[in-house]
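Novice: For the sequence shown, this note's numbering begins at 2 and goes up steadily by one. So that we are looking at the same thing, I have put the structure below in structure tokens.
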Amino acid sequence: MPITVANHPLSHHYLSILRDRSTDPQEFRHTSRRLAYILLMEATAEATLEEYGLETPLIHTTGLRLARPVVAVAVLRAGLGLIDAVIDMLPDVAVGYAGVQRDEETARPMEYYTKFPAMEGRLVLVLEPMLATGGSLAWAVERVKAAGAEHIIALCVVASPEGVERMNTEHPDVKVVTAAVDSHLNDHFYIVPGLGDMGDRLFATL
Ligand code: URA
2 MPITVANHPL SHHYLSILRD RSTDPQEFRH TSRRLAYILL MEATAEATLE EYGLETPLIH
62 TTGLRLARPV VAVAVLRAGL GLIDAVIDML PDVAVGYAGV QRDEETARPM EYYTKFPAME
122 GRLVLVLEPM LATGGSLAWA VERVKAAGAE HIIALCVVAS PEGVERMNTE HPDVKVVTAA
182 VDSHLNDHFY IVPGLGDMGD RLFATL
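Written as structure tokens, this is what we have:
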């Protein structure tokens, strides 16, 4: 499974703000959005382009545009922290939602809601900020594949080695873009050093 770890200085800068427990929810949301721009740039770095004719104020010339329409699927809740940046940079993006809850005892994903746009022939970005056990992301990828997705890239803020390994085993065709691969998971399946519960920090439900 291909993995890209964003190494831009601003990526490290923003991730450190997210990791800091003193960052309040408003700053956390703003910073998540800023980091999402960087993850999206990495995710689309090899996107296929197609030529088309256009008129500048001076002449007819050839422009380039994304050859494949893009779908973004936000894995609820934390994926909402990345969606605004994606909509901002790709205004034509079609947005889906995948509602999955983590069973706190087993860390297994429990589905409670999905709503997907058409997936065939599109570049599908799955927004799952915390790649911890990999259960939620593997589940979301299964669901989008079942809906027809073939070109899938996952955007994660932080990944664990365990989550990366699981994606590598279950979905080796899916590229993962992340700002960091952290040390390990703790006994409660949180990423260490991590940034805590992303949903709680975004939505002040701590
Ligand atoms: N989900 C989170 O929000 N944080 C973790 O560390 C793991 C899963």
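For each residue, glycine too, the CB sits at the ideal point set by N, CA and C. Because the structure is a prediction, the values reported are computed rather than measured.
Which residue spans inside the region 94-163 form an unbroken alpha helix (DSSP H) run of at least 4?
Specialist: Listed in chain order, the complete alpha helix (DSSP H) runs (minimum 4 residues) inside the region 94-163 are 136-147.
Novice: Between the alpha carbons of Pro58 and Cys157, how many angstroms are there, rounded?
Specialist: Going from the Cα of Pro58 to the Cα of Cys157 covers about 41 Å.
Novice: Using CA atoms only, rank isn't needed, just tell me which of Ala86, Ala95, Thr206 and Arg66 is closest to Ala73.
Specialist: Selected option, being the one with the closest Cα: Ala95.
Novice: Using only Cβ atoms and a threshold of 5 Å, which residues come within that distance of a heavy atom of the ligand URA? Order them by chain position.
Specialist: After applying the 5 Å Cβ criterion, the set is Met131, Ala133, Tyr191, Ile192, Gly195, Asp198 and Met199.
Novice: Hey, could you find the ends of the beta strand (DSSP E) Val74 is sitting in?
Specialist: From DSSP, the beta strand (DSSP E) with Val74 extends over Val71 to Leu77.
Novice: Considering only residues of the same chain and omitting the five flanking positions on each side of Pro118, which have a CB-CB separation below 8 Å?
Specialist: Excluding sequence neighbours, Pro118 sits near Val72, Ala95, Val96 and Gly97.
Novice: Does the beta-carbon distance from Ala155 to Glu129 come in below 7 Å?
Specialist: For Ala155 and Glu129, yes; Cβs fall inside 7 Å.
Novice: What residues in its chain sit with their C-beta under 7 Å from that of Ile39, if we drop five residues either side in the sequence?
Specialist: Closer than 7 Å at Cβ, skipping near neighbours: Ala7, His9, Leu11 and Ser12.
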